[in-house]
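Here's the structure, in structure tokens; my notes come after.
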Ligand SMILES: Nc1ncnc2c1ncn2[C@@H]1O[C@H](COP(=O)(O)OP(=O)(O)O)[C@@H](O)[C@H]1O
Ligand SMILES: Nc1ncnc2c1ncn2[C@@H]1O[C@H](COP(=O)(O)OP(=O)(O)O)[C@@H](O)[C@H]1O
Ligand SMILES: [Mg+2]
Ligand SMILES: [Mg+2]
Ligand SMILES: [Mg+2]
Ligand SMILES: [Mg+2]
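Residue numbers (the numbering used here), protein chains in the order written: chain B, 5 to 337; chain C, 5 to 337; chain Z, 19 to 231; chain A, 19 to 231.
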């Protein structure tokens, strides 16, 4: 596949270089580690630090979400690979303002090990760390094994709510509690239409027939639960929403936020057509959409397809979702 | 090409339906015409109305830019086709607050005719209309025939500056003057890597070899100035920036804003790699980047590739660029 | 010859059919020169027109009203470049045959002359610019020249369509000077202009229609 | 047998070479089961290691230091799942041969046992889960069993590699229980685990290396 890059070996370095040069009053690289980026703004003493991270290739996830009301720092891995403990630790030290740091990341073997190691090292340096793993993807394990599910686009809601809580002055325990509550009330499911390819291999991440889709696809191109003939958007949206609602039943009158997330090469037009159906289903059930997000929030390079995420809201989560944010790739008034 | 749609005939209708349902406190459809959308917020009496519009398929352009500090309304055409006069006229009537309306659109034969007809009709109804055509694409005609150039991603700067001026209470003449100044100081050039396809035909909008790129491609897939072997990002960025600077020479110490705009399926990673080189070239020439925008701002469905836009700034344009904006697809603090 | 309003309507339906058949071909031409949507645009427009013909216009007796309604319907359905061009053509054509429930040879000549002049006025393109004008302008001249000479509309229109075809084909070798494709420069040579092609379909469908009456 | 620090370094360089050759194959396996990057990740990691071996470690005499530096270099270059796993392996292996400039048969046995136990501790996977442990665990057992019996490291390691290969191949028929591919369920059957495969390359490269000494 064609890419506008230089040497595949240095894509992450060059992206980071461009990124910090494009947004110098938002973000900077720590001198200690070139994969450790923190907000360029001064954060309050006593504020809980919010650390996010994961593999590259998911932009705006994760580096795009460092800024006011969101994360204070990000550890950046290679494409689709967890960052090692070193940049996580450096970010931790830089953003700890005496109140501890919460790590927000997706439930992947690599991330669990690397963030876990970093947390141990941080604790050894006297920094309190709480870890909250996103595992919103209903397609990735049955309900009884929810702890094995991977985190996909729903992590946005975890970042958003925890970021707001930290900015509002909540303590570490409460920021972590809110992040966990957000995660526990969030479900996602995706569909893949076309693969992406790693710059280093140029090979498609999966194979699908010209008329096929992959239901439940992971956002690194991991196979989903089944291949099927590509259906009309309404039918696909129906299947995704049904799987979510089966996993997390919602009652009439309950309020949610909906995220239709593009995986990279799916036009907004198609995302809004998907949203349209999701809204219709929820409306018919008497469920109220409190806020909507439609766009590319956590991508997989140039993968085609999307995911639908629903988060069930209470008053506290609504406050956190409404809170303003100002990041290079995400601004909310 | 695979698309998450229902019936190709109704993609625009369904997108609009999803769009207004996703963002009801931002935007609404006028009862008079289902392709006429205006801000859901009340605008001040005496404020100049800012009307944008053009074909669909460029999302976030153009409907994504209706909101505080940007446009008050948008007329939505079929995919890659100018809207007819009727929705333009309805939007004009709805957003005129007694101070007239400025039409901002790209320099395409269809838009010129349709917006022109609408303006005539509006004037007949006693509404003052000013028209400002975007024609930033240096690849689309030589310097001597600048009036024939088409408008591409640089239109964002025209919307942004005119939207701010209108919000700041400038009169019609001044809003139009600022929009024209923005356009006159803006140059863009694009490169295409992979085609998009219209939902109705499913056929690729152009053909390119597996190792080819199209330099100077238009953002509807119109052929550019030449096909060439795909080069490294640095070389491509160099060519685009060189063409811009040849057309609009910049002196050491001058200030600009830079926009690296993805055409639809180009990952942010690649856009930032392109930005990185553009920044380097400008820095070496002593030109200061005052603001940067990197992302999908005006797309061509799922086309692969990007464009680089540079706008030369003075104090007034800086004020307008810095002014906050709050739209469904574009928020700036 | 005389054409009734009902027949006039039938003709326009035959255009809608023809465009539907040629949609892909028109897109194919536009992909090479422009943004690839010409067939889609024409189809959307003529399908909307067809809809109107089968409903609101089904029993319309005023040929002028039929033509002007077609113009506005087409315009509102497509916008685009061709919307204003054809809308202006049909509005002017409609004015030329206002309130007539039957069209004589003379009316038909006036209809088509007004139609073509309307398109020309709106687009300001000249023959040789590689647009639909390269089809329409020769047809206009032939029609004007032959209408009086031959005293027979069908013969005159036959000449017009022969000239239109020649004009359409001439666009293959032309460098585009106007519209989207004009930015192509020499790369526009070798492809027939899509708008010139669909304009030819509209004229030739009328010839076929009158011959079969 | 005795292996000098310089020879130890040569071995690791040979792993880097081997991984570079097998990179595409490893990605191919991971595309079917996971996210398709295993070859790339191993390559990035081992290229970084190779760099270290050629520079900072070029004259290093402490085999323990060599191994632990490799572990940290690999980890910092890749993160990922394999980063912590192999880093822990090499750190533990390094501890087992700390400050030794030459490695005896006994040292080598201890090195590999500590290495494999380190990986196991970090990942908590069990044989049968369809991971690199399916390669490493049988090798560990064979090495422990044969090291004393045969009194000859090469023979014992030969047995270990035979068992490792058997273990690697057994992953073809396994349903994945851990890591990215575990969400595939039965769809994971039929493909050899990429991590099990690269782990086999690391062991077999060592066998080749000691045989050629
Ligand atoms: N000013 C003009 N006068 C006459 N015809 C024109 C003019 N501009 C464009 N055209 C015609 O329009 C055709 C393109 O139509 P279409 O593809 O539907 O519109 P768009 O260019 O807006 O996509 C061209 O092939 C050309 O024949
Ligand atoms: N807990 C674990 N213990 C041992 N090996 C594991 C574990 N988790 C994953 N692996 C191994 O890691 C391999 C995948 O490595 P790699 O593709 O580099 O990482 P990632 O899954 O992060 O993309 C799997 O094939 C498996 O052998
Ligand atoms: Mg990975
Ligand atoms: Mg068009
Ligand atoms: Mg066209
Ligand atoms: Mg992998």
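We treat Cβ as the ideally placed atom computed from N, Cα and C, and that holds for glycine. Note that the structure is a prediction, hence the values are computed from the model and not measured.
Going by DSSP, what residue range makes up the beta strand (DSSP E) through residue i?
i              : result
residue 313(C) : 308-317
residue 265(C) : 259-266
residue 34(C)  : 31-34
residue 135(B) : 133-138
residue 292(C) : 292-299
What number of angstroms, rounded off, separates the C-alpha of residue i from the C-alpha of residue j?
i              : j              : result
residue 219(B) : residue 335(C) : 32 Å
residue 87(B)  : residue 282(C) : 28 Å
residue 23(Z)  : residue 71(C)  : 48 Å
residue 77(C)  : residue 312(B) : 29 Å
residue 16(Z)  : residue 58(Z)  : This structure leaves residue 16(Z) out entirely; chain Z is present only between 19 and 231.
residue 205(A) : residue 227(C) : 44 Å
residue 219(Z) : residue 190(B) : 56 Å
residue 167(C) : residue 56(C)  : 10 Å
residue 267(C) : residue 193(B) : 26 Å
residue 323(B) : residue 80(A)  : 58 Å
residue 227(A) : residue 175(B) : 56 Å
residue 206(C) : residue 53(A)  : 29 Å
residue 158(A) : residue 156(B) : 37 Å
residue 225(B) : residue 208(B) : 9 Å
residue 20(Z)  : residue 136(Z) : 24 Å
residue 247(C) : residue 111(A) : 58 Å
residue 41(C)  : residue 66(C)  : 11 Å
residue 249(C) : residue 96(C)  : 37 Å
residue 30(B)  : residue 81(B)  : 20 Å
residue 104(A) : residue 93(A)  : 8 Å
residue 50(A)  : residue 304(B) : 17 Å
residue 182(C) : residue 170(C) : 10 Å
residue 225(Z) : residue 10(C)  : 39 Å
residue 177(A) : residue 161(A) : 7 Å
Note the first and the last residue of the continuous alpha helix (DSSP H) segment covering residue i.
i              : result
residue 37(A)  : 23-51
residue 95(Z)  : 81-96
residue 186(Z) : 171-188
residue 26(C)  : 15-26
residue 276(C) : 272-288
residue 220(Z) : 212-230
residue 218(C) : Element bounds for residue 218(C): not the alpha helix (DSSP H) but the beta strand (DSSP E), 216-219.
residue 238(C) : 237-251
Below 8 Å, is the gap between the Cβ of residue i and the nearest heavy atom of ligand 8?
i              : result
residue 203(C) : Inclusion of ligand 8 in the displayed structure is not the case, the ligand content consisting of ligand 1, ligand 2, ligand 3, ligand 4, ligand 5 and ligand 6 alone.
Which chain F residues are close to residue i, counting only those with a beta carbon under 8 Å from its beta carbon?
i             : result
residue 96(Z) : Protein chains B, C, Z and A are contained in the structure displayed, whereas chain F is not.
Would you list the residues whose beta-carbon is nearer than 5 Å to any heavy atom of ligand 4, in the order they occur in the chain?
Any residue whose Cβ sits closer than 5 Å to a heavy atom of ligand 4 makes the list: 84(C), 85(C), 53(Z) and 55(Z).
Looking at chain Z, which residues of the stretch 203-216 of chain C have a Cβ within less than 7 Å of any of its Cβ atoms?
204, 205, 207, 209 and 210
Whole alpha helix (DSSP H) elements within the stretch 147-214 of chain B, 4-residue minimum:
Secondary structure in the stretch 147-214 of chain B: the alpha helix (DSSP H) runs of 4 residues or longer, each lying completely within the stretch, are 159-171 and 176-188 in chain order.
Of the residues that make up the stretch 51-76 of chain A, which ones have a beta carbon closer than 9 Å to any beta carbon in chain B?
In summary, the residues of the stretch 51-76 of chain A whose CB is separated from some CB of chain B by less than 9 Å are 51, 52, 53, 54, 55, 57, 58, 59, 61, 62 and 65, in the order they occur in the chain.
Residues in the stretch 200-223 of chain Z having any Cβ partner in chain C nearer than 9 Å
200, 201, 202, 203, 205 and 206
In chain order, what are the residue ranges of uninterrupted beta strand (DSSP E) at least 3 long that sit wholly in the stretch 114-158 of chain A?
120-122
Give me the subset of the stretch 114-135 of chain B whose CB atoms are less than 7 Å from a CB atom of chain A, sorted by chain position.
Cβ contacts with chain A: 114, 117, 118 and 121.
Output, in sequence order along the chain, the residues in the stretch 165-196 of chain A whose CB is closer than 8 Å to any CB in chain B.
Residues 196.
Whole beta strand (DSSP E) runs in the stretch 47-111 of chain C with 3 or more residues, listed along the chain?
53-60, 77-83 and 105-110
Report the residues of the stretch 22-42 of chain A with a CB closer than 9 Å to any CB of chain B, ordered along the chain.
41 and 42
Check distances from the C-beta atoms of the stretch 277-308 of chain C to those of chain Z and list, in chain order, the residues that come in under 7 Å.
none
In chain order, what residues of the stretch 100-111 of chain C put their CB closer than 7 Å to some CB of chain Z?
none
Which residues, taken in chain order from the stretch 153-176 of chain C, show a beta carbon closer than 9 Å to some beta carbon of chain Z?
153 and 154
Which residues, in chain order, does the stretch 82-93 of chain A contribute to contact with chain B at a C-beta distance below 7 Å?
Here the close residues are 93.
Using a Cβ-Cβ cutoff of 8 Å, what residues of the stretch 106-121 of chain A are near chain B? List them in chain order.
none
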